[in-house]
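Asker:
Number of protein chains: 2
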Amino acid sequence: MASLLLRGGKVPLRCSIGPDDPAMNLRDLRYLLAVAEHRHFGKAAESCRVSQPTLSVQLRKLEEELGIVLFERNSKQVVPTPICELLLSHARVAVAEIDAMAALARSAMDPLRGTLRLGIIPTLGPYLLPLVLAPLQEALPDLEIEPWEDVTATLLERLRGHELDAALIATEPDGTDLVTRPLFTEPFLAALPPDHPLAAQKRIGEDDLAPDVLVLADGHCLRDQALAACGLAGPLGGSLRAASLATLINMVAAGYGTTLIPGLAAGAAQDSGIVLRPLRQKASRTVRIAWRAAFPRRAAVEAVARVIAERLAPYAAAAERDDAALDRARGQGHLARHA
Amino acid sequence: MASLLLRGGKVPLRCSIGPDDPAMNLRDLRYLLAVAEHRHFGKAAESCRVSQPTLSVQLRKLEEELGIVLFERNSKQVVPTPICELLLSHARVAVAEIDAMAALARSAMDPLRGTLRLGIIPTLGPYLLPLVLAPLQEALPDLEIEPWEDVTATLLERLRGHELDAALIATEPDGTDLVTRPLFTEPFLAALPPDHPLAAQKRIGEDDLAPDVLVLADGHCLRDQALAACGLAGPLGGSLRAASLATLINMVAAGYGTTLIPGLAAGAAQDSGIVLRPLRQKASRTVRIAWRAAFPRRAAVEAVARVIAERLAPYAAAAERDDAALDRARGQGHLARHA
DNA sequence: CACAATGATTGGCAATGCCTATCGTGATCT
DNA sequence: AGATCACGATAGGCATTGCCAATCATTGTG
């Protein structure tokens, strides 16, 4: 008990608890099982890759810790006591569980393995996911992407609450707990009914859309971005508030007004028979991937980010080309590009 | 790797196995569970009775061992990763099993607790057990006696095979692996049909029984002891071989012959209406308790032995008294006592 | 900006675990 | 019977581990 006073400070905490301190190292359990299996200290030691004295000593220690005799040693045989037999079944379960843990950990050790819960905003999901899921599957065969579609605020909430691992959004989140990486920039396009007066123009001025622009319901970032691009603080009195981009497009097709749609949705929009035109001031949004700064599988997020960015690169290049061609056709050269 | 060569002898064995050596101390699992439960290193450390740095370091070590991140540390919260959640359920089971082991061991630590498998020979069991089971139950309330009745050879075999913990026998077993302790000495009595010529004598000479002595079947030690007492090497031609002492007594009662019965069976014998007489040369057998020399619960065996010996002491004293009274009645004094 | 809270780091020390070498005791073989 | 073998126990030495106190670094708060 003199050791209690060896240190200057407080009495070590662990001395304040009861006398029962079953250290019960896991290693000892393996030794126990080995001896029970082989009924021979030497063979058991060999199977545990330790020397026989080590196993002898550790087993004796275990017996002293437990306060019971585990094996009856005899010059010709080593037999587990009945109590030991009872303990063995528990030990087997415990060791199996721990082996299962190790196996699980080993299989999960690769950050590019497992499930990645990926949030995505609704104005992006239906158009981006079909493009990138197959390449992701190919590039990261062991990574299962679990998409979750919701508006930005909800995604960020779930991200912060560890219900998502990453999210594809089109805004910069507040706070330092989340970090982002831009993936690609998506131009907005003017969407017009075929018989709209502006439909005759090759290129539409953002402000010209303001009078009859239709926007999404609250919560969609696209709503705010579209309004901002048109120079509006809020929707005009009679503006409709569509619940989804598909609805919005159908509204436009039906002649209720105009709108801005993100470039990736162009295909779907054109199918509905509306007219799409580039914007004069090249309003756009940047899609980013966001994750918690502390998220341990950063490598998985970055791999996903890389695949998406690569997959989207041709689209971005094509957009540039089309844009440039359009510019040249109008004889405006590069000046407008950087307005 | 230089450490491989530090020692003179062989390369340490444990270096020859694979690189995966998940030490995975049980302590670490408790730390893991504590942090997962409290979601706070300080509180978890307190609940584990260790300092916070210790827990921090050990947990980091565990993470490195497993190759995965177990918790996402954040300035305001500590959240288990999804992989960790999977591991936790396994860890909980493992720790519970080990706690169960410790509890089992603790409850079994008292050698006077649990089950004692006690063999007993058939010529003793039916007469001794009713006398001693109640006192044993009272003296050793936590010890459950599990009696097993069989002939000596079988008992010893089962004892050596760890199927019995101790045995009550009336011979000295061979070999050094078993040890015995004498409990009491039981006189033999002559058992005669009431109309037998010898029935008139107060005391019977052992040799006089030889002509028509009946004995038990092979394997019963009483058979050999009875024959020896009567000076016979084997049974006479017409001798019956009864399967049990009760049968033997009934044989005698029916007039088929005489026999020797052990003192404790006197009560049962008298009920069947036969005549019992003390023997002139005081043939007797000593009942012993036998157990494996290496049996760890020697204390339990000795406690049982003590209780039985004490319980039998009055009988032995009474036998001595009766004997002495008989001697005095015959005017032989003490001389015959030590013949 | 000082302060409190919290997890990470550091340095030193005792305990643990392992090894080799040796011993003690039965069993086995000339 | 004496030598030898098999096997578990013990002893001494050494590297590793685990723990603690003290301190640092970061972040949120009055």
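For the protein sequence lines, the chains are D and F, in the order given.
The first sequence begins at 1 in my numbering and counts up one residue at a time.
The second sequence begins at 1001 in my numbering and counts up one residue at a time.
Just so it is clear, CB atoms sit at the ideal spot from N, CA and C, and this is done for glycine as well.
Hey, does Asn250(D) have any beta-carbon neighbour from chain F nearer than 8 Å?
Answerer: Answer no: the Cβ-Cβ gap between Asn250(D) and chain F never drops below 8 Å.
Asker: Can you give me the C-alpha to C-alpha distance between Arg292(D) and Val301(D), rounded to a whole angstrom?
Answerer: Cα to Cα, the separation comes out at about 10 Å.
Asker: Please report the residue range of the alpha helix (DSSP H) in which Glu1157(F) lies.
Answerer: Glu1157(F) -> alpha helix (DSSP H) spans 1152-1160.
Asker: Going along chain F in order, which residues have a C-beta closer than 7 Å to the C-beta of Val179(D)?
Answerer: Those within 7 Å of Val179(D) in chain F number zero; the least Cβ separation is about 13 Å.
Asker: Could you tell me which of Ala266(D), Val287(D), Ala166(D), Tyr256(D) sits nearest to Arg297(D), measuring between CA atoms?
Answerer: Measuring from the Cα of Arg297(D), the nearest candidate turns out to be Ala166(D).
Asker: Could you run through the stretch 1152-1170 of chain F and flag, in chain order, every residue whose CB is less than 7 Å away from some CB of chain D?
Answerer: Going along the stretch 1152-1170 of chain F in chain order, one finds His1162 with a Cβ nearer than 7 Å to chain D.
Asker: Under 8 Å Cβ to Cβ from Ile249(D), same chain only, skipping five residues before and after it: list those, please.
Answerer: Excluding residues within five positions, the ones whose Cβ falls inside 8 Å are Ala191, Thr259, Ile261, Ala265, Ala268, Ala269, Ser272, Ile274.
Asker: Per DSSP, which residues does Ile1169(F) bridge with? Please list them.
Answerer: For Ile1169(F), which the question treats as bridged, DSSP gives the partners Arg1288(F).
Asker: Whose CA, out of Arg181(D), Lys202(D), Arg285(D), Arg277(D), lies closest to the CA of Ala226(D)?
Answerer: Among Arg181(D), Lys202(D), Arg285(D), Arg277(D), the Cα nearest to that of Ala226(D) is on Arg285(D).
Asker: For Pro278(D), write down the residues that DSSP places opposite it in a beta bridge.
Answerer: In the DSSP output, where bridge partners are listed per residue, Pro278(D) has Leu189(D).
Asker: Count the CB pairs spanning the stretch 109-127 of chain D and the stretch 84-100 of chain D that are closer than 8 Å, and state whether there are at least three.
Answerer: No: the two stretches stay apart, fewer than three of their Cβ pairs being nearer than 8 Å.
Asker: Select from the stretch 281-313 of chain D all residues with a C-beta closer than 9 Å to any C-beta belonging to chain F, and list them in chain order.
Answerer: Listed in sequence order: Arg292, Ala293, Ala294, Phe295, Pro296, Arg297.
Asker: For chain F, check one thing: does any of its Cβ atoms lie closer than 8 Å to the Cβ of Ala343(D)?
Answerer: This structure gives no information on residue 343(D), because the portion of chain D shown stretches from 1 to 339.
Asker: Of the residues that make up the stretch 48-76 of chain D, which ones have a beta carbon closer than 8 Å to any beta carbon in chain F?
Answerer: Against chain F - using a Cβ distance shorter than 8 Å - the residues of the stretch 48-76 of chain D are Arg49, Val50, Ser51, Leu66, Gly67, Ile68, Val69, Glu72, Arg73, Asn74.
Asker: When every heavy atom of the ligand COA is checked, does at least one fall within less than 7 Å of the C-beta of Asp1174(F)?
Answerer: Of ligands this structure carries none, so the ligand COA is not represented either.
Asker: Given this structure, state the Cα-to-Cα distance separating Trp1148(F) from Leu1118(F), to the nearest angstrom.
Answerer: Taking the straight line from one Cα to the other gives about 6 Å.
Asker: Please determine if the stretch 150-165 of chain D and the stretch 207-221 of chain D are in contact, where contact requires at least 3 C-beta pairs separated by less than 8 Å.
Answerer: With a cut-off of 8 Å, the stretch 207-221 of chain D and the stretch 150-165 of chain D count as touching, because enough Cβ pairs lie within range.
Asker: Can you list, in chain order, the residues of its chain whose CB lies under 8 Å from that of Ala1210(F), leaving out five sequence neighbours each side?
Answerer: So the list reads Cys1230, Gly1231, Leu1232, Leu1236, once near-sequence residues are dropped.
Asker: Going by beta carbon distance, what residues of the same chain come within less than 7 Å of Leu26(D), once the five residues before and after it are set aside?
Answerer: Cβ neighbours of Leu26(D) beyond the five flanking positions: Ile98.
Asker: Which partner residues of Pro147(D) appear in the DSSP bridge assignment?
Answerer: Leu118(D), per the DSSP bridge assignment.
Asker: Using a Cβ-Cβ cut-off of 8 Å, state whether His38(D) counts as contacting chain F.
Answerer: With 8 Å as the cut-off, His38(D) does not count as an interface residue toward chain F.
Asker: Any beta-carbon of chain D closer than 8 Å to the one on Val1035(F)?
Answerer: Answer no: the Cβ-Cβ gap between Val1035(F) and chain D never drops below 8 Å.
Asker: Is there contact here, the stretch 68-88 of chain D with the stretch 35-46 of chain D, by at least three beta-carbon pairs under 8 Å?
Answerer: Contact holds: three or more Cβ-Cβ distances are below 8 Å.
Asker: By the criterion of Cβ-Cβ separation under 8 Å, what are the contact partners of Ile1083(F) in chain D?
Answerer: Neighbours of Ile1083(F) on chain D, chain order: Leu104, Ala105, Ala108, Gly114.
Asker: Taking Leu168(D) as the reference, give the member of Glu65(D), Ser107(D), Glu146(D), Ala102(D) with the closest Cα.
Answerer: The shortest Cα separation from Leu168(D) among Glu65(D), Ser107(D), Glu146(D), Ala102(D) belongs to Glu146(D).
Asker: If you draw a straight line from the C-alpha of Thr1247(F) to the C-alpha of Gly42(D), how long is it?
Answerer: Whole-angstrom Cα-Cα distance: 53 Å.
Asker: Please identify the residue among Met1251(F), Glu1085(F), Ala1290(F) whose C-alpha is closest to the C-alpha of Pro1193(F).
Answerer: Checked all of Met1251(F), Glu1085(F), Ala1290(F); the closest Cα to Pro1193(F) is Met1251(F).
Asker: For chain D, is any of its Cβ atoms less than 8 Å away from the one on Ile1098(F)?
Answerer: Chain D, which has a Cβ nearer than 8 Å to the Cβ of Ile1098(F), makes this yes.
Asker: Which residue wins for smallest C-alpha separation from Ser244(D), given the options Leu222(D), Gly257(D), Gly263(D)?
Answerer: Ser244(D) has its Cα closest to that of Leu222(D), out of Leu222(D), Gly257(D), Gly263(D).
Asker: Using the rule of at least 16 other Cβ atoms within 10 Å of the residue's Cβ for burial, across every protein chain shown, is Leu1006(F) buried or exposed?
Answerer: Confidence at Leu1006(F) is low in this model, with a pLDDT of 27, below 50, so its placement is unreliable and no value can be given for it.
Asker: Can you say whether Glu1172(F) is buried or exposed, counting buried as having 16 or more other CB atoms within 10 angstroms of its CB?
Answerer: Under this definition Glu1172(F) is an exposed residue.
Asker: For Pro1182(F) and Asp1142(F), what's the separation of their Cα atoms in angstroms?
Answerer: Distance between the alpha carbons of Pro1182(F) and Asp1142(F): 24 Å.
Asker: Output yes if chain D places a C-beta closer than 8 Å to the C-beta of His1220(F); else output no.
Answerer: So no, His1220(F) is outside the interface.
Asker: Take the Cβ of Leu1133(F) as the centre, count every other Cβ of all protein chains shown within 10 Å, and call the residue buried at 16 or more, exposed below.
Answerer: Exposed.
Asker: Once DSSP output is grouped into helix, strand and coil, what is the label at Glu72(D)?
Answerer: Reduced to three states, the DSSP call for Glu72(D) is strand.
Asker: Taking DSSP's pairing of strands, which residues face Thr259(D) in a bridge?
Answerer: In the DSSP output, where bridge partners are listed per residue, Thr259(D) has Ala191(D).
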